[in-house]
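If you want this note's numbering, it's the 1-based position in the sequence shown plus 7. Beneath this line is the structure, given in structure tokens, with notes to follow.
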Amino acid sequence: MALSISDLQKLYRNGRGVSRLSLSVAEGEVVGLLGPNGSGKTTAMKAAVGLSRIGAGSISIFGHDIDGEFEKAMYNVGCLIETPALYDKLSAKQNLKIAARFYDYPDSESRKNAINEALTLVGLEKYSRDKVGSFSLGMRQRLGIALALISRPGLVILDEPTNGLDIEGVVHIRNVIRDMAEKLGTAFLISGHVASELEKLCDRVTVIYDGKMCAEGTVDSILEKYPSLEDYFLAMISEAKERGEGA
């Protein structure tokens with residue numbers, strides 16, 4: 008299993024966060040974490056990559072517990088959480104060069120190829136020498152995704168990756184994700200609050216509300232019972248509200 012989260016709890020002083028959240032992502036699988044703004048999606052993702060200390064539960068990545076084997080767990084992970092951290096005064100390629108220093112490439116040529124490949128994957132090869140400070144929001148998001156993919160990790164965690172992208176950009180990134188999952192066996196955990204986009208992208212979806220999982224299923228099985236993932240999402244959220252809590 009690429010990612011396994013069991014009974015995760017991370018609560019802040021205001022009572023928000025996640026509680027008793029469990030989910031998994033298999034190799035080659037694209038899993039969506041779908042929920043309203045403030046439902047705990049980003050909190051769960053930060054916890055999964057060690058950016059936030061958890062209160063209880065366990066998280067393992069390719070069999071390595073992040074609490075006891077953090078470096079081994081993170082070795083094969085790429086992520087984009089919230090907005091990408093970029094150097095505005097440097098070019099897109101220079102930003103990737105800095106990130107590439109942290110990865111163990113066999114030689115400088117391999118590192119160069121990885122950088123160029125990442126730029127091509129996200130459609131920024133024509134802008135590789137442009138300063139990031141001149142980039143639009145969508146271009147910055149593409150570069151953030153390139154940073155997550157540069158090491159060709161086995162697990163990629165993306166927090167609302169299509170934010171700021173135009174329709175062409177959304178379709179391009181969706182195709183990149185599907186291609187990597189199907190051809191390379193890359194596992195993806197992707198958060199979002201737009202059900203229609205996750206419907207086209209994901210194999211399976213976990214619905215989160217008020218920090219708790221309230222429903223989970225494959226997109227195919229969901230669409231056998233509901234007209235769309237959006238209809239399923241609204242129904243599950245309505246049921247969670249009636250219960251007063253997630254499942």
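Glycine is no exception: its CB is placed at the ideal position from the N, C-alpha and C atoms.
Nearest to threonine 90 by alpha-carbon distance, out of Lys138, Tyr134, Gln148 and Val129, is Gln148. Burial check for asparagine 120: the Cβ neighbour count within 10 Å stays below 16, so the residue is exposed.
For isoleucine 164, the closest of His179, Asp72 and Ala54 by C-alpha to C-alpha distance is Ala54.
DSSP, reduced to helix, strand and coil, places lysine 138 within a strand of the structure shown. If you keep only unbroken alpha helix (DSSP H) runs of at least 4 residues inside the stretch 26-106, you get 48-55 and 77-81. At a Cβ-Cβ threshold of 8 Å, valine 38 and valine 32 count as neighbours.
DSSP places threonine 127 within a helical segment (H, G or I) once states are collapsed to three. Secondary structure in the stretch 179-253: the alpha helix (DSSP H) runs of 4 residues or longer, each lying completely within the stretch, are 202-208, 226-232 and 236-250 in chain order. By the neighbour-count criterion, in which 16 or more other beta carbons inside 10 Å mark a residue as buried, leucine 126 falls on the buried side.
The three-state reading of DSSP puts leucine 172 in coil, since its state is none of H, G, I, E or B. With 16 or more other Cβ atoms from the protein chains shown falling within 10 Å of its own Cβ, leucine 162 counts as buried.
Take leucine 144, set aside five residues on each side of it, and the residues of its chain with a beta-carbon closer than 7 Å to its own are Gly171, in chain order. Our two residues, aspartate 217 and isoleucine 229, have alpha carbons roughly 22 Å apart in a direct line. In the DSSP assignment, isoleucine 152 falls within the unbroken alpha helix (DSSP H) covering 144-156.
Three or more pairs of CB atoms, one per stretch, sit closer than 8 Å, so the stretch 234-248 contacts the stretch 201-216. Closest by C-alpha distance to arginine 136, out of Leu97, Thr169, Pro113 and Leu154, is Leu97.
Lysine 190 is classed as exposed because its beta carbon has fewer than 16 other beta carbons within 10 Å across all chains shown. For leucine 18 against glycine 62, the beta-carbon gap comes to about 6 Å, under 8 Å, which counts as contact.
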